[in-house]
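Visitor: When the letters of the sequence shown are read in order and numbered with mature numbering (1 follows the signal peptide of the UniProt record, and there is no 0), they come out as residues -21 to -1, 1 to 452.
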Amino acid sequence: MKRPYCMMLALALAASLAACGGQGESAPSATAAPEVAATAETAPAEETAALPAVAGELYPILPADDTHMWFNTGTRGYQMKWENDHGLVMVIDYDTAEQRVLCSVPGCTHDAEPCPAYFPGVRQNCQLFVAGEEVYLYKRWEGEYLPDTWEEYEQSMQLPQGTQPQDAEEEMAFRRAAYEQAVKPAGLMVVAADGSAKRYVELSQNLGQDSWLRWCDGAALYGYNSDAPGSGGQKLYRVSLADGTVSALPLRDGEWPSGALGRKLIVEQFVTKVPLPNSAENYEAYDAVRQNGYYELDLLDPATGERSKLVADPAYSFDSMFLGQAGGWLYFRITEERDPQWGVVRAVPRAYDPQTGQWKELGGPEMRISDVEIYALPGTAAWEGRWVWIHGNSEQMWVLDRQTGEQHAVTQKVEKASAVDQRMAAAAVTDDGRFLIPIREREPYTDVYDYALIDADAFLQGSTDYTLVTPVE
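(1) From the DSSP output, in three-state form, read off Arg79 for me.
(2) Report buried or exposed for Asp222, applying the criterion of at least 16 other Cβ atoms within 10 angstroms of its Cβ.
(3) If you reduce the DSSP assignment to three classes, tell me which class Val169 lands in.
(4) Do you know offhand how far Ile313's Cα is from Leu192's?
(5) May I have the straight-line CA-CA distance separating Arg329 from Pro293, to the nearest angstrom?
(6) Please classify Lys288 as buried or exposed, where buried requires at least 16 other C-beta atoms within 10 Å of its C-beta.
(7) Please name the residue in Phe414, Tyr445, Thr449, Asp426 whose C-alpha comes closest to that of Asn51.
(8) Would you mind stating whether Thr359 and Gly100 have Cβ atoms separated by less than 9 Å?
(9) Determine the closest residue to Gln273 out of Arg79, Leu279, Thr251, Lys60, with distance taken between C-alpha atoms.
(10) Give a yes or no on whether 9 Å exceeds the smallest Cβ distance from Gly412 to chain C.
(11) Would you call Gly441 buried or exposed, if buried means 16 or more other Cβ atoms sit within 10 Å of its Cβ?
(12) Could you tell me whether the Cβ atoms of Gly197 and Gly364 are closer together than 9 Å?
(13) Check whether the stretch 273 to 287 and the stretch 236 to 256 touch, using three or more Cβ-Cβ pairs below 8 Å as the test.
(14) Give the DSSP bridge partners of Phe98, in chain order.
(15) Using the rule of at least 16 other Cβ atoms within 10 Å of the residue's Cβ for burial, across every protein chain shown, is Gly384 buried or exposed?
(16) Is it buried or exposed for Ala431, if we count other Cβ within 10 angstroms and need 16 for buried?
(17) Could you compute how far the alpha carbon of Pro357 sits from the alpha carbon of Cys195?
(18) Classify Pro281 as buried or exposed, calling it buried when 16 or more other Cβ atoms lie within 10 Å of its own Cβ.
(19) Going straight from the alpha carbon of Gly86 to that of His65, what length do you get?
(20) Tell whether a beta-carbon distance below 9 Å holds between Gly284 and Ala29.
(21) Contact check, Val246 vs Leu255 under 8 Å by CB: the rounded distance?
(22) In whole angstroms, what separates the C-alpha of residue 480 from that of Tyr117?
(23) Quick check on DSSP: helix, strand or coil for Met48?
(24) For Ala24, does the count of other Cβ atoms within 10 angstroms reach 16, so buried, or fall short, so exposed?
(25) Just the C-alpha distance for Gly412 and Tyr445, rounded to the nearest angstrom, thanks.
(26) Put Tyr201 into one of helix, strand or coil per three-state DSSP.
(27) Counting Cβ pairs closer than 8 Å, one from the stretch 72 to 82 and one from the stretch 145 to 162, do we hit at least three?
(28) Just to check my reading of the structure: Ala396 and Glu420 have Cβ atoms closer than 8 Å, yes? What is that Cβ distance to the nearest angstrom?
(29) Report the rounded CA-to-CA distance for Leu81 versus Cys94, giving the unit in angstroms.
(30) How is the alpha helix (DSSP H) around Glu130 delimited, first residue to last?
(31) Have a look at Ala291 and Gln58 and give me their C-alpha separation to the nearest angstrom.
Listed below in structure tokens is the structure:
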């Protein structure tokens, strides 16, 4: 039984999600009222203890709630294939156009723990990425609100009425895998690049549901924690990939990391001319101050704790949104018009170039920028951020070529097994100038696709001359 992702989220660890309140993965949303704000005059300037030196250029990894779990090395693409109660690390070789399980053990059937690619768990709160010559799968601890034993948890559950015996068996296997994954300490599953072996690294601190690890420098993961979405972060975490050692750097009140540029993290904080009044006591006064505030983006060097200003522009208002960095540009959704009662009326996609200090218009209010962050190793062709995928409200997709300034309409569509969005966008850019494209959804609502490779320029001219990626058993 293939389990649709939306059903998985509804069923997996319901008790845990109810208890913790279901925190979001990303930084505070642009529409949420900022609870803590610095003022230009009173922003704290105290020095803090530093973390070890950053080992290399920082690159993002997909958040733990992402359904695709994709990572690109320029010559290969890595992804998880999820079964009912476990996952398998898969690899697509761009040169051969083949997809296979990342396992080279002779005679392995890939259905049990000894397989290097086998992950005993479910598609929830895991993150796949590559560093050096190894493939990593990180999971955080989520057992805080769960019973101490599976037997206790099992007794508290009820299967949906009318569940058939075969479905009930699969459902219980799924729930047990979800429970065991949740209560297992935070750690890393590390797979050799050739699929010959794997090992586990347990973190020195059991990072839980209020922690988000989002960036890597090749030697460590970086992220932050927050007990209250909307109030910023409390600590910046560094997790060593070698031995799981967790170290932390205190963040300023109301500050949180939201991106990376070079060897520094991008941190943002809401800035007002005067301190924000208490919204519970006088919302009108609070809202009046907030309307004139904006978000400031700074660069934070984890190796020194020093900050330098990156963007401080009133255009990045309280109801605008920072979307991420790619190829040196910072991408935003900027609010241009708002209604006091209904909120945002008009918002447009824009990019900011820190090298020139100039804003760039990317389209009208009907356009949205797709995920701009590049989940690939630094130095790859993808890392240049040449192509920006922009979508509209009517299943239309465009690609902006930053080198030429041309904007291409994407006429190709994904063959969907479900009656949902058919817009087509590249899953990866290869080092030899091709797009890896999901062309066909295998089963409804599962986010499992057949892939193909195609020359980027040919694709943008409307070609469907695909090289199909062949699954290899």
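We treat Cβ as the ideally placed atom computed from N, Cα and C, and that holds for glycine.
Guide: The short version:
(1) strand
(2) exposed
(3) strand
(4) 26 Å
(5) 14 Å
(6) exposed
(7) Phe414
(8) no
(9) At residue 273 the sequence reads Tyr, which differs from the Gln that was named. Out of Arg79, Leu279, Thr251, Lys60, Thr251 has the C-alpha closest to the C-alpha of Tyr273.
(10) No chain C is part of this structure, which consists of one protein chain only.
(11) exposed
(12) no
(13) yes
(14) Gly66
(15) exposed
(16) buried
(17) 10 Å
(18) buried
(19) 19 Å
(20) yes
(21) Contact flag wrong, Cβ pair sits at about 19 Å.
(22) Summary: the structure shown does not reach residue 480, with the chain confined to residues -21 through 452, and so no result is reported for it.
(23) coil
(24) A caution first: Ala24 carries a pLDDT of 28, below 50, which makes its placement in the model too unreliable to give a value.
(25) 14 Å
(26) strand
(27) no
(28) 5 Å
(29) 9 Å
(30) 129 to 134
(31) 37 Å
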